[in-house]
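Participant: Chains as they are written, first to last, in our numbering: chain A, 1 to 91; chain B, 1001 to 1405.
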């Protein structure tokens, strides 16, 4: 009986954690001001948190796409941020 | 007769016109084929340049330079002993690390970075990342364990404002396992997470810790993670907290029950106060190992101590980016670091270091660093445990060049 109770409690905890995480993820929305940021602005704000802002001419479009994915794993950029920054750097 | 002559002239003229027309036509045809040939070549060149689904590139970094140091060791009740050294780089300050990046479509990235430090050829990371969904990147392989900001984001020579690393930030280092990371907007703010499950740490006979490596030393795994919040809409401030738990004892050893818990907090603030760009960074780590009994390497006696280690650094750098002359390429930096290892162990010390730096940026990714470092380490080790009591002062001068390529 005790074992069943412990197991039930464990499942409740897991479901609770999943529910909380789902709530957090679904509530993660950007407001209009953030959504309107340009790639240039995001490039200036995010890159310089760790290093100097890179020159767009340093790499080609294909290279920036690859570097953008690498940087997303390092800096926890959002997908939209990565896309906008890569688009700006590829111009 | 005159009439015949006129007709003759007319016929001659007509023949000349026809001849010249044919010649022009032949020239035109020749020009067309030359043009078509050039177009075909250009089309081939464009086809060669056409991006495919996969892409491979090599980036990376190198750091080298000159180190001069003076070490003064003072044993209790004795005169100080001075040792001087100078070298064109050393294992801690020389690095050549090409980074190979393979992108497969829009969802897969393979990263491999071998590294030569002058005496060893190692690997900084070798892992694969799958961009599974917005805000979810799954990575597996050999990667930097998510903990704090220094190891994963600031340690590269072309990023670090000072020549050396702050002491006590080697752990948890790089490990084998699986991890998840991502970033999300949150209204005006932003938050990110980075968690991993890896083989974990290994407790050594003297109580020190190291990575277990590719073959785990026990059944337990290490759970590590960092959560960060960027509270301002301009992302100028990032605050992070980290935590880690690992079984550390070798299976079947007297350390079977040994666990490691690690906590950390970090801050990263970068903002332009015209004409200056101000950069403030800091991190605090604390490592707790559950109480164990250790064996003295000196006389095999059993002893114990409170195995708690802490390390911290605070750094500020300022660069006049708004200047319209060469001064904008200079950056001044200062860092204070502290590293306190367990008193009563073989490696107990209370270490402080002040680093003063003047950097000159040749480009956004190329820097010439001049750093003066002054450290003071007071041993709190136990002689029974194999430690050496005394005070060590080190003054070092670095001239270092670092470039990202």
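Just so it is clear, CB atoms sit at the ideal spot from N, CA and C, and this is done for glycine as well.
#1: What residue from B:1274, B:1305, B:1349 and B:1372 has the CA that sits closest to residue 1324 (chain B)'s CA?
#2: Which complete beta strand (DSSP E) runs does the region 1199-1227 of chain B hold, if anything under 3 residues is left out?
#3: Sorted by chain position, which residues of the same chain lie with C-beta nearer than 7 Å to residue 1271 (chain B)'s C-beta, five sequence neighbours on each side aside?
#4: Roughly how many angstroms lie between the CA atoms of residue 1329 (chain B) and residue 66 (chain A), to the nearest whole one?
#5: Alpha helix (DSSP H) containing residue 1260 (chain B): first to last residue?
#6: When the Cα atoms are used, what is the spatial distance from residue 1396 (chain B) to residue 1344 (chain B)?
#7: Please report how far the alpha carbon of residue 89 (chain A) lies from the alpha carbon of residue 1044 (chain B), in whole angstroms.
#8: Please identify the residue among B:1187, B:1291 and B:1193 whose C-alpha is closest to the C-alpha of residue 77 (chain A).
#9: With contact counted as at least three CB pairs below 8 Å, one residue from each stretch, are the region 60-74 of chain A and the region 1119-1139 of chain B in contact?
#10: Between which two residues does the alpha helix (DSSP H) harbouring residue 1137 (chain B) extend?
#11: Taking 8 Å as the cut-off, does the region 1281-1296 of chain B touch the region 1362-1370 of chain B (at least 3 CB pairs, one atom from each stretch)?
#12: Between the region 1180-1191 of chain B and the region 1160-1172 of chain B, do three or more beta carbon pairs fall short of 8 Å?
#13: Answer yes or no: do residue 1196 (chain B) and residue 1225 (chain B) have a C-beta to C-beta separation smaller than 8 Å?
#14: How about the region 1207-1224 of chain B and the region 1243-1253 of chain B: do they share at least three Cβ pairs that are nearer than 8 Å?
#15: Here's the rule: buried if 16 or more other CB atoms are within 10 angstroms of the residue's CB, otherwise exposed. What is residue 1137 (chain B)?
#16: Considering only the beta carbon of each residue, do residue 1361 (chain B) and residue 52 (chain A) sit closer than 8 Å?
#17: Quickly, what does DSSP pair residue 1055 (chain B) with across the bridge? List them, please.
#18: Taking beta-carbon pairs under 9 Å, can you tell me which members of the region 1190-1202 of chain B lie near chain A?
#19: Between residue 1239 (chain B) and chain C, is the shortest Cβ-Cβ distance under 8 Å, so that the two count as touching?
#20: If the cut is a Cβ gap below 9 Å, which residues of chain B does residue 36 (chain A) touch?
#21: Quick one: Cα of residue 85 (chain A) to Cα of residue 1039 (chain B), how far?
#22: Below 8 Å, how does it come out for the region 1306-1317 of chain B and the region 1330-1340 of chain B: are there three or more Cβ pairs, yes or no?
#23: Compute the beta-carbon to beta-carbon distance between residue 1375 (chain B) and residue 1390 (chain B), rounded to the nearest angstrom, for a pair I have assumed lies under 8 Å.
#24: With a 10 Å radius around its C-beta and 16 neighbouring C-beta atoms as the bar for buried, classify residue 1405 (chain B) as buried or exposed.
#25: Using a cut-off of 7 Å between C-beta atoms, extract the partners of residue 1328 (chain B) located in chain A.
#26: Can you give me the C-alpha to C-alpha distance between residue 75 (chain A) and residue 1320 (chain B), rounded to a whole angstrom?
#27: For residue 1262 (chain B), which residues in the same chain have their Cβ closer than 6 Å to its Cβ, ignoring the five residues on either side in sequence?
#28: Checking 8 Å against the spacing of the C-beta atoms, do residue 1255 (chain B) and residue 1292 (chain B) come in under that value?
#29: Whole-angstrom Cβ separation of residue 1144 (chain B) and residue 1174 (chain B), contact assumed at under 8 Å?
#30: When the Cα atoms are used, what is the spatial distance from residue 1112 (chain B) to residue 1058 (chain B)?
#31: Pull up the distance between the alpha-carbon of residue 1238 (chain B) and that of residue 1149 (chain B), whole angstroms please.
#32: Looking at the structure shown, is residue 1150 (chain B) part of a helix, part of a strand, or coil, going by DSSP?
Facilitator: So, to answer that:
#1: B:1274
#2: 1201-1203 and 1209-1211
#3: 1236 and 1278
#4: 29 Å
#5: Segment 1259-1273 is the beta strand (DSSP E) holding residue 1260 (chain B); no alpha helix (DSSP H) there.
#6: 28 Å
#7: The alpha-carbon atoms of residue 89 (chain A) and residue 1044 (chain B) are separated by roughly 27 Å.
#8: When B:1187, B:1291 and B:1193 are compared, the shortest CA-CA separation from residue 77 (chain A) is found for B:1193.
#9: Three or more beta-carbon pairs separated by less than 8 Å link the region 60-74 of chain A to the region 1119-1139 of chain B, which places the two stretches in contact.
#10: Element bounds for residue 1137 (chain B): not the alpha helix (DSSP H) but the beta strand (DSSP E), 1136-1144.
#11: no
#12: no
#13: For residue 1196 (chain B) and residue 1225 (chain B), yes; Cβs fall inside 8 Å.
#14: By the Cβ test, the region 1207-1224 of chain B is in contact with the region 1243-1253 of chain B, since at least three Cβ pairs between them sit closer than 8 Å.
#15: buried
#16: yes
#17: B:1103
#18: 1190, 1191, 1192, 1193 and 1194
#19: Given the protein chain composition of this structure (A and B), no chain C is represented.
#20: Simply none; closest approach about 11 Å.
#21: 35 Å
#22: Counting Cβ pairs under 8 Å, three or more are found: they touch.
#23: Their Cβ separation, rounded to whole angstroms, is 14 Å, which puts residue 1375 (chain B) and residue 1390 (chain B) out of contact at 8 Å.
#24: exposed
#25: Correct list: empty, because the minimum Cβ distance to chain A is about 11 Å.
#26: Cα to Cα, the separation comes out at about 25 Å.
#27: 1244 and 1287
#28: yes
#29: 5 Å
#30: So the alpha carbons of these two residues sit roughly 10 Å apart.
#31: 10 Å
#32: helix
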